[in-house]
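Quick note, the sequences are listed as chains A and B, same order. Residues in the first sequence are numbered from 3 upward in steps of one, following the working numbering. Residues in the second sequence are numbered from 24 upward in steps of one, following the working numbering. A virtual CB, placed ideally from N, CA and C, is assigned to each residue, including glycine.
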Amino acid sequence: METLPLAATSHDLSIWGLFWQAGWVVKLVMLGLLAASVWTWAIVVDKVIAFSRMRRALNRFEQTFWSGQSLEELYRNLSDKNPVGMGAIFVAAMREWKKSFEKGARSPIGLQNRIDKAMDLALTREMERLESRLTFLATIGSAAPFIGLFGTVVGIMTSFQAIAGSSSTNLAVVAPGIAEALLATAIGLLAAIPAVIAYNKLSTDVSKISSRMEGFSDEFSAILSRQIDEKVVQRAAA
Amino acid sequence: MQMRAGLTTSVVLHAAALGFGLFTLSAPAPLDAGAMESFPVDIVPVAEFAESVKGDKKAPVAETPAPVPATRPETVPDAQNVGDNDVDLSTPPTPEPAKREVEAAAAPPPSPEPAPKPAEEAPAEAKPEPVPAPDPAPVAATEVAPEPAPPQEVKPEPTPEAAVAEAAPAETLPLPTSAPSPQARPQPPQAQTAKAPERKEPEKPKQQEVAQKPKSEEKTFDADEVAALLNKAAAKGGGAKRSTETAALGGKQTTGAKLTSSEMGALSSQLAGCWSIPAGAEGVESMRVSVRFRLDPSGKLDGEPVVDSSSGNSAFDRSAIRAVQKCNTEGLQVPASKAEVWASGVVVNFDPSEMF
C-alpha cells in the first residue's frame with residue numbers, strides 16, 4: 003500500500019495505465035468484474051442461441067403434431083433422436099402410454115395419473131435446462147455495482163493514505179488515485195447493466211416458452227385421456 | 024457443448040472491446056488550465072472604508088496609515104554654547120528681542136511729523152482751533168484716540184516748544200477728551216482752510232471727517248504694524264504629538280482604529296485577575312456591568328473609570344470599578360500602538376460567566 007505510486011511525477015492516465023497503477027485489491031476487483039462480464043456475455047449468447055433453437059423446435063413439432071400424422075409414427079420418429087421441448091414431453095407421455103397398454107393396464111384413472119406425472123417431469127426437466135445459469139445473470143446484475151464500489155472505496159482509501167503521507171492536498175496529487183479507483187466502479191457498472199437487461203429479457207422468454215409447453219402438455223393430456231376412455235370402452239365391448 | 028460457443032463469442036467480444044478501448048480511450052486531453060493565474064483576494068469589512076485612521080492624504084498607501092513624520096531639531100552632541108540656536112556657533116547666542124519693542128519702534132515714525140506742525144500752527148490757529156475741536160472731538164475720540172494717545176503724549180515733551188504745546192492742552196484739559204485734541208491738529212487741510220473765510224466752517228467738520236477717516240484706516244493697514252504683530256518665534260518641528268513612521272495614506276483624524284478581539288481579551292483577562300466578585304450577592308452569575316475608562320499610552324488610568332451600563336447592583340458595579348483601579352496600581356499591559364483607542368475610552372464588560 004505504501005508503494006502506491008501517487009507521488010510519481012507523471013501519470014499514465016489511459017485506462018491501461020490506470021489499471022496498472024491501481025493497488026492489488028482494486029486490481030483483483032477489476033479482474034473479477036471483467037471475468038464476471040465475460041461469463042455474463044457468454045451466458046447471454048448461449049441463452050439467445052438456445053432459446054431461438056427451442057422456439058424453432060417447438061414450431062416444427064407443433065406443425066408435425068397437428069398435421070394429422072399418427073401418434074405412433076411420430077413417436078417412432080422422435081424416440082430415436084434426442085427430442086427437446088414439446089418433443090420430450092410427447093415422447094415421455096407416449097412411452098408411459100405404451101408401457102401401460104402393452105402390459106394391459108387395469109385402471110384407466112391410474113394410467114391417466116401416470117401419464118400426467120411423466121409429462122410434468124419432462125416439462126420440469128426442460129424448464130430447468132432453459133432456466134439454468136439465468137440466476138447468475140441476476141446475481142451479477144445486483145452485486146457487480148457493489149463489488150465495483152468496494153474497489154473504489156479501497157482505492158480512494160489508499161490514495162488518501164498516500165495524500166496524508168505526502169502532506170500535499172494538491173488536486174494533481176489526489177486526482178489520479180481517485181480516477182483509478184473510479185475505474186473499478188465503471189467496470190462494475192459495465193458488467194451489471196447488460197446482466198440486468200439480459201436477465202429481464204431472458205426470464206420473459208423462459209416464461210413464454212414454458213407457458214407454451216404447459217399448454218401443449220395439457221392439450222396432449224386431454225387427447226390421451228380421450229384415447230384411454232375409448233380404449234376402455236372397446237375393451238369392455240370386447 | 025453449447026456453452027463453448029457462447030463463451031468464445033463473449034471472450035472475443037470483450038477482447039475486441041478492450042482492445043478498442045485501449046487504443047481510443049487513451050488519456051483524456053489535459054485541461055488547458057495554464058492560462059489561469061491565481062491572485063490574492065482580500066476580504067475587507069465595510070468599516071475600513073467608513074472609518075479612517077490618521078495619516079497623510081497625499082502619501083502613498085501603506086499597510087498602516089501614518090501622518091507625515093514630524094521633524095525635530097536634533098541637539099548637537101558636542102555643542103559649546105547653551106541656548107536656542109540649532110547650530111553650535113562660537114559666539115554666544117543673542118537673546119531674541121522682545122516683540123513689544125518692535126511695536127514701539129514702528130509707531131514713532133509717523134508721530135514726529137505731525138507733532139511739530141501743531142506746535143507751529145498752534146499760536147496762529149488758537150482761535151479756529153476751539154471751533155473745530157469740539158466738533159471733531161467726539162468723532163475723533165471714538166475712532167482714533169485709543170491707539171496713538173500714549174505715545175503722542177510722551178513725544179511732545181522732548182520738543183523745545185513743549186511749553187506752548189502744554190499750554191494748548193491745558194486749555195482743553197478740563198475736558199475729559201484731552202487726548203484727542205492734539206490728534207485733531209495734525210491735519211494739513213485744516214491749516215489751509217483756516218486761512219479761508221470763516222463761512223466754510225460748517226463744511227470743515229465734514230472735510231475733517233473725510234480727511235481723518237482715510238488716515239485712521241491707513242494706520243490700521245500699516246504693514247509694519249501687521250509684521251510687528253506677527254509671532255516671530257521660530258517654529259519648531261511637529262506638535263505635541265510626533266510621528267516617526269513614514270507618511271502613509273490616511274484621514275485627518277483617526278475614527279476607525281479598534282481593538283482586536285485578542286487585545287480586548289488580553290485586557291479583560293488582566294482585569295479579571297484584579298476583580299473580586301462580591302460573594303453572596305444573589306444572582307451574581309447573571310449580572311454584568313460595563314465600565315468605561317481611558318488610559319494613557321503607558322497604560323495608566325486617565326481619569327476615573329465610569330459605569331457605562333449598570334448591573335443594577337451597586338456593590339457589583341463598585342467591585343468592577345475597584346478592579347480597574349487595582350489593576351491600574353499594578354499597571355495594565357496594553358499595546359502602545361493603540362494609544363488613540365485607549366485615549367478615546369475603552370468599555371470593558373465585566374461578566375462573571377465570561378471572565379472566569
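Counting only residues of its own chain and dropping the five nearest sequence neighbours on each side, residue 59(A) has a CB closer than 6 Å to the CB of 86 and 87. When the Cα atoms are used, residue 340(B) and residue 162(A) turn out to be separated by approximately 57 Å. Neighbours of residue 48(A) across chain B, judged by C-beta separation under 8 Å: 25, 26, 28, 29 and 30.
Counting along the chain, the unbroken alpha helix (DSSP H) around residue 79(A) starts and ends at 73 to 82.
Counted as a single uninterrupted DSSP element, the beta strand (DSSP E) harbouring residue 326(B) occupies residues 324 to 332. In the structure shown, residue 272(B) falls within a strand segment according to DSSP collapsed to helix, strand and coil. Here residue 68(A) is exposed: its Cβ has fewer than 16 other Cβ atoms, across all protein chains shown, within 10 Å. Chain-ordered, the chain B residues with CB closer than 7 Å to the CB of residue 45(A) read 29. At a Cβ-Cβ threshold of 9 Å, residue 205(A) and residue 136(A) count as neighbours. For the 9 Å CB-CB criterion, residue 105(A) and residue 77(A) do not form a contact. The Cβ atoms of residue 175(A) and residue 189(A) lie no closer than 9 Å to each other.
Around the CB of residue 232(A), fewer than 16 other CB atoms lie within 10 Å, so the residue is classed as exposed. Between the C-alpha atoms of residue 124(A) and residue 221(A) there is a straight-line separation of about 15 Å.
When the Cα atoms are used, residue 22(A) and residue 40(A) turn out to be separated by approximately 20 Å. Around residue 142(A), no beta-carbon contact reaches into chain B at under 7 Å, the shortest distance being about 13 Å. At a Cβ-Cβ threshold of 9 Å, residue 364(B) and residue 282(B) count as neighbours.
The DSSP-derived three-state label of residue 104(B) is coil. In this structure, residue 271(B) and residue 65(B) do not form a Cβ contact; the two beta carbons are roughly 17 Å apart against a cut-off of 8 Å.
With contacts defined by Cβ atoms closer than 9 Å, residue 157(A) and residue 186(A) form a contacting pair. Listed by position along chain A, the residues whose Cβ is nearer than 9 Å to that of residue 36(B) are 40, 43 and 47. Between residue 331(B) and residue 357(B), the CB-CB gap reaches or exceeds 9 Å.
At a cut-off of 9 Å between beta-carbon atoms, residue 51(A) makes contact with chain B. When the five nearest sequence neighbours on each side are left out, the beta carbons in the same chain lying within less than 7 Å of the beta carbon of residue 291(B) are those of 371 and 378, in order along the chain. The beta strand (DSSP E) runs of length 3 or more contained entirely in the region 144 to 179 of chain A do not exist; there are none. Boundaries of the beta strand (DSSP E) around residue 370(B): 369 to 373. In this structure, residue 42(A) sits away from residue 147(A), with a CB-CB distance that is not shorter than 9 Å. Interface criterion met: the Cβ of residue 44(B) is under 9 Å from a Cβ in chain A.
For residue 63(A), the uninterrupted alpha helix (DSSP H) segment begins and ends at 26 to 67. Relative to the Cα of residue 212(A), the nearest Cα in the group 199(A), 121(A) and 181(A) belongs to 121(A). Pairing residue 375(B) with residue 268(B) gives a Cβ-Cβ distance that is not under 9 Å. Residue 114(B) sits exposed, since fewer than 16 C-beta atoms from the chains shown fall within 10 Å of its C-beta. Only buried fits residue 29(B), as 16 or more other CB atoms lie within 10 angstroms of its CB. Under the three-state reduction of DSSP, residue 318(B) is assigned to strand. In this structure, residue 208(A) lies away from residue 143(A), with their beta-carbon atoms at least 9 Å apart. Annotation: the continuous alpha helix (DSSP H) that includes residue 110(A) extends over 110 to 133.
In the three-state DSSP reduction, residue 80(B) falls in the coil class, being neither helix nor strand.
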